[in-house]
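Below is one structure, written out as structure tokens, with a few remarks after it.
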Amino acid sequence: KAGVTQTPRYLIKTRGQQVTLSCSPISGHRSVSWYQQTPGQGLQFLFEYFSETQRNKGNFPGRFSGRQFSNSRSEMNVSTLELGDSALYLCASSLNTYSTGELFFGEGSRLTVL
Amino acid sequence: DQQVKQNSPSLSVQEGRISILNCDYTNSMFDYFLWYKKYPAEGPTFLISISSIKDKNEDGRFTVFLNKSAKHLSLHIVPSQPGDSAVYFCAASTSSGGSNYKLTFGKGTLLTVNP
Chain A
31 KAGVTQTPRY LIKTRGQQVT LSCSPISGHR SVSWYQQTPG QGLQFLFEYF SETQRNKGNF
91 PGRFSGRQFS NSRSEMNVST LELGDSALYL CASSLNTYST GELFFGEGSR LTVL
Chain B
48 DQQVKQNSPS LSVQEGRISI LNCDYTNSMF DYFLWYKKYP AEGPTFLISI SSIKDKNEDG
108 RFTVFLNKSA KHLSLHIVPS QPGDSAVYFC AASTSSGGSN YKLTFGKGTL LTVNP
């Protein structure tokens, strides 16, 4: 069973640009979450999608957005990039159960903003 | 406001000994707790979890203890192996309102197991 796949793995952007990251969940998983990992803040929740609807959102500015497609694949977008957006962006998928919070993570997309 | 805290950024133990990683939380609404392990250049992988209705959960060499009154949980690894060297994240979620897909993570503890 293939795991969570994230593309691209590495990318470099400059301030003011925008970036789109892609995530393909494990087959059969309908929930996709995004997390930002930075050395100072650890892993922080960005948002979660289920059936193309955003169900949960973290405390990030509106420059961070996402969407989910009918095949459960998800994209997140960051507009007007700032230096502080440099981070590892992790996507995670899960089955739609309310009994656990177990998530399966991809390897991440490392974004560097210059 | 950090709701999940891992106060030890790093821990070093000898192979074969016990590793104890600690985690504290402040949100009393948390009712499910998880530990994830992360190697460099990889995403976190689920290790073990515990529901708030239990005080202990065991899986092989890994045991998680939960003390709800102290809002404290710990992960015990016995015996520790060099392959256990990784960053360990404590995470918590709440099932109320169906928001259990939102995990709140601690900042992690780097465990180094020396041969």
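Chain order of the listed sequences is A and B. Count along the first sequence starting at 1, add 30, and that's the number in the numbering used here. Count along the second sequence starting at 1, add 47, and that's the number in the numbering used here. Every residue gets a Cβ at the ideal spot worked out from N, C-alpha and C, and that includes glycine.
At least one CB of chain B lies nearer than 9 Å to the CB of A:G138. With its beta carbon at least 9 Å from every one in chain B, A:Q48 lies outside the interface. A:Q48 places its beta carbon less than 9 Å from that of A:V108.
Apart from the 5 residues on each side of it in sequence, A:T37 sits with its Cβ closer than 6 Å to the Cβ of S52 in its chain, given in chain order. Annotation: the region 50-134 of chain B contains the following complete segments of the beta strand (DSSP E) (minimum length 3 residues), in chain order: 57-61, 66-72, 79-85, 92-98, 103-106, 109-114 and 119-124. Around A:G96, no beta-carbon contact reaches into chain B at under 9 Å, the shortest distance being about 14 Å.
Beta-bridge annotation (DSSP): A:V143 is paired with A:K43. Assigned with DSSP and collapsed to three states, B:L158 falls in strand. Short of 8 Å from the beta carbon of A:I56, and not among the five residues preceding or following it, lie these beta carbons of its own chain, in chain order: K31, A32, G33, V34, S123 and F134. Among the CB atoms of chain A, one or more fall inside 9 Å of the CB of B:A138. Counting the other Cβ atoms within 10 Å of the Cβ of B:F152 gives 16 or more, which makes it buried.
DSSP places A:G72 within a strand segment (E or B) once states are collapsed to three. Inclusion of A:C121 and A:Y65 in the CB contact set at 9 Å is warranted, their separation being smaller than that value. Cβ neighbours of B:N69 within its own chain (closer than 6 Å, five residues either side excluded): S121. For the pair B:V160 and B:R108, the Cα-to-Cα distance works out to about 14 Å. For B:I97, the closest alpha carbon among the candidates B:Q61, B:N54, B:A88 and B:K115 is that of B:K115. Exclusion of the five residues before and after A:R60 leaves F80, S81, S102 and N126 as the residues of its chain whose Cβ lies within less than 7 Å of its Cβ.
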